[in-house]
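Before any comments, here is the structure.
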């Protein structure tokens, strides 16, 4: 009994130690396993620096509860110590009147930064940048710059990319990396450490996906954000870009699966929210798919005369949907990576037409073989005109798979042209489009081939 | 006429300038627009440093042609100057006997690095790491370390993360960031600039997706790769991680679309390769989907008695596929992000069962409304038992959508458990699974509800 007590105490002590000593990401993971309401109690007595570190993690789920539990003076100090982009996001979640109270007590510099950051639209470079930039005038030396970096290091999100400004206009002249500064001659001018190329920059309204592509293309660790007069308003750092890429690809996969993007981890989202994200598209697709029933009703006479045709409806429809889904996934990614632009639609069409015809011919042949083998082996009797039935199925597949590839590849372009996200061209969306038309193609082929025999 | 000539000369001269002056990523983009065979001629006369920069870009498509065109001495110097991971990838693409000739002439250090890197499996941390690490013994001071960094800067892929080694065993003790070194007291021991936490490391066999998650979680710029004795064998840098995340999400979307991942940009891949990547899965799905024809044959008697049932087959089947596709996309991403682990399958099942029932009830109600409205308005006559037909469709939808959600959410777990990539659970794969069972559910419901009336 005494042993157990002693062990518990030891565990408790080691836990208390962990709060300060553990990697902040691990601490946050641990905290997220508790209810948000428990966080203030667990973190009571944490040092202010550590509190700032915890709240700087976008993954931390109890930040609102934690900041609300602090005395207002401490809360303001913590907010000022946080990176400006995180402080802005956090303040946006705090309810009134507390939010206004906190903002009123912030130092003017932080308050301005927060006000500016809050104004940028979601998904823009402005919304993921931070305002804590290291910048020096172009007439400084390498040594002066390094000395300045040493002084401001603690208060800047990144010091690996330094903005060199025109001493008069304050406009961005160049960016210098810390790596080249370190290796440069201390008495040389700071610009001697810069590469003589235009600096990579973005504007506050650049889409964050576009920013991510720039990071990937130019292997950057941080990219300054400049306004129209080339004044530096902030900097985007690579850690935010990694989070962006993860989030964007999750959104793309979920949209491609035929639903709205969740915005939250699967296990955390509420049942009601989940239903809202899924039911909308599911109902829209269902209503679109109702046209298949209308199409079928239209061909009811043919169906009654040749029940054998119905046997292959699911097979044919799904083949069109599958080929469309393949083509869509290809084009969505090619557009997202910038491999293909809107104006390239006709190049894509010229590639997908032969692709669709080839794939359709392969599946059509498989379909004909299936019917022939079953008929020959006596597994099923497709009637005296079984050869014509096989021809109908084969020709139908050729047409539907080609149509599926074309529809699937063109839909993302059409959506982008209309101003929608091309990733909304989901597999179910394409399948629904192809299903209705596929039925019409199938029955039209049947009317031509079977007219005078079965129909 | 003279003007045109003069302009052309100017353009040519400015182009010649661009070769050295442009951002290397832009130069590579420009080169990639030419045929690979033209690259050696365009780049003739390029400085060796610049040549190394160009070849260090994984995006450059003519690297084999370029290195093969160089005199062997120059080729070897260029390879030695490249980052070891890129040199390894490039050597792997060069054909024999040239490859062996080049390897034989490399300096021993580069040769060893290349041999070691080539041995790591694709998709592992070892395959994306580089061997050019900055490491210092733990008994050095901050000042000594900074001086060392200045000397080796040019030959290291990253200098932002420094490995501090045990002076005796050479095992990794800590990592220090350049940022904290810069701000530290020059005479203090190097370890004083380290945070007193275990360093974030991976092993050469860690999956690169797992490495990417670590970068994201701990906001790292570089992560050392250590062997079982904690000796540093390389380092993974954030630019390779960004490329990894882009590639992995492209693969995931393409697989989810029901095809093999392309490995190459859409516009660059050959027609034959494209057919191979697409036809395999399309045929497999087609053969699976043939079971629908078998199921339909099984219910042929019922079909003949109640043609009205066939009208709703496409609608019902697609609803099952769509709900399955939603559930699959959710679980694939949750698994990829580590939000959900294999052992959580039952938690997911407990969430998807009520989700599926709710969504099924919504669609079932819509289906019943559709039939009722059409019947009432006289748009179509579903016969005297139309109420029973509506009940069959509604109940069928409830069952199939629930089954679709369950199948779609469990399939990625099953695939992962069997050692496959859960992302292979594509929308078409799920739809095929659900289609066959969906038909059986629909006809079974019909047999129960319509027995004695229509059937």
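Protein chains in written order, with full-length UniProt numbering: chain A, 1 to 455; chain B, 1 to 455. Backbone N, C-alpha and C fix where the C-beta goes; we use that ideal spot for every residue, glycine too. Since the model is a prediction, treat every value here as computed from it, not as a measurement.
- Sequence-distant Cβ neighbours of residue 226 of chain A in its own chain, meaning closer than 6 Å and more than five residues away, are 172, 201, 232.
- For residue 80 of chain A, the secondary structure class from DSSP, reduced to helix, strand or coil, is helix.
- Contact annotation: residue 330 of chain A and residue 258 of chain B have beta-carbon atoms that are not nearer than 8 Å.
- Between the alpha carbons of residue 213 of chain A and residue 212 of chain B lies a gap of roughly 17 Å.
- CA-CA distance, residue 298 of chain B to residue 422 of chain A, rounds to 41 Å.
- In this structure residue 139 of chain B is exposed. Its beta-carbon is surrounded by fewer than 16 other beta-carbon atoms within 10 angstroms.
- When beta bridges are read from the DSSP output, residue 89 of chain A appears opposite no residue.
- By the rule that beta-carbons nearer than 8 Å mark a contact, residue 328 of chain A touches chain B.
- Separation of residue 397 of chain B and residue 306 of chain B (C-alpha to C-alpha, rounded to the nearest whole angstrom) is 18 Å.
- For residue 268 of chain B, the CB contacts under 8 Å within the same chain, skipping 5 residues up- and downstream, are 61 in chain order.
- One thing to note: residue 79 of chain B has its Cβ no nearer than 8 Å to the Cβ of residue 43 of chain B.
- For residue 359 of chain A, the C-beta contacts it makes with chain B under 8 Å involve 275, 278, 279, 282, in order along the chain.
- Proximity to residue 325 of chain B across B:365, B:288, B:294, B:255 peaks at B:255, based on C-alpha coordinates.
- In the DSSP assignment, residue 236 of chain A is bridged to A:223.
- Among the residues facing chain A, residue 337 of chain B is included, as its CB has a counterpart in that chain under 8 Å away.
- Within the model, the alpha-carbon separation for residue 210 of chain A versus residue 153 of chain A is close to 29 Å.
- Given a length threshold of 3 residues, the region 422-451 of chain A has no whole run of the beta strand (DSSP E) inside it.
- In this structure the region 121-133 of chain A lies against the region 235-245 of chain A, because at least three pairs of beta carbons, one per stretch, are closer than 8 Å.
- By the Cβ-count criterion, residue 403 of chain B is buried, with 16 or more other Cβ atoms from all chains shown falling within 10 Å of its own Cβ.
- Note that the region 272-285 of chain B does not touch the region 275-290 of chain A; fewer than 3 beta-carbon pairs, one per stretch, sit closer than 8 Å.
- The beta carbon of residue 396 of chain B sits no closer than 8 Å to any beta carbon of chain A.
- Rounded to the nearest whole angstrom, the C-alpha separation of residue 134 of chain A and residue 124 of chain B is 36 Å.
- With contacts defined by Cβ atoms closer than 8 Å, residue 366 of chain B and residue 286 of chain A form a contacting pair.
- Taking C-alpha positions only, residue 399 of chain B is separated from residue 260 of chain A by approximately 23 Å.
- Secondary structure at residue 47 of chain A: coil, using DSSP grouped into helix, strand and coil.
- Nearest CB-CB separation between residue 297 of chain A and chain B: below the 8 Å threshold.
- Under the three-pair Cβ rule at 8 Å, the region 288-303 of chain A does not count as touching the region 368-383 of chain A.
- Residue 272 of chain A is classed as exposed because its beta carbon has fewer than 16 other beta carbons within 10 Å across all chains shown.
- Put simply, the backbone Cα of residue 169 of chain A is about 41 Å away from that of residue 132 of chain B.
- Runs of beta strand (DSSP E) with 3 or more residues, each lying fully within the region 353-407 of chain B, are absent.
- Neighbours of residue 124 of chain A in chain B, taken as residues whose beta carbon is under 8 Å from its own, are absent, since the nearest beta carbon is some 19 Å off.
- The C-beta distance from residue 194 of chain B to residue 176 of chain B rounds to 5 Å, short enough to meet the 8 Å contact threshold.
- With contacts defined by Cβ atoms closer than 8 Å, residue 334 of chain A and residue 121 of chain B do not form a contacting pair.
- Here residue 147 of chain A carries a helix assignment [DSSP, helix/strand/coil].
- Excluding five sequence positions before and after residue 229 of chain B, the CB atoms of its chain that fall closer than 7 Å to its own CB belong to 171, given in chain order.
- Contact of residue 377 of chain B with chain A by beta-carbon distance below 9 Å is absent, the smallest such distance being about 13 Å.
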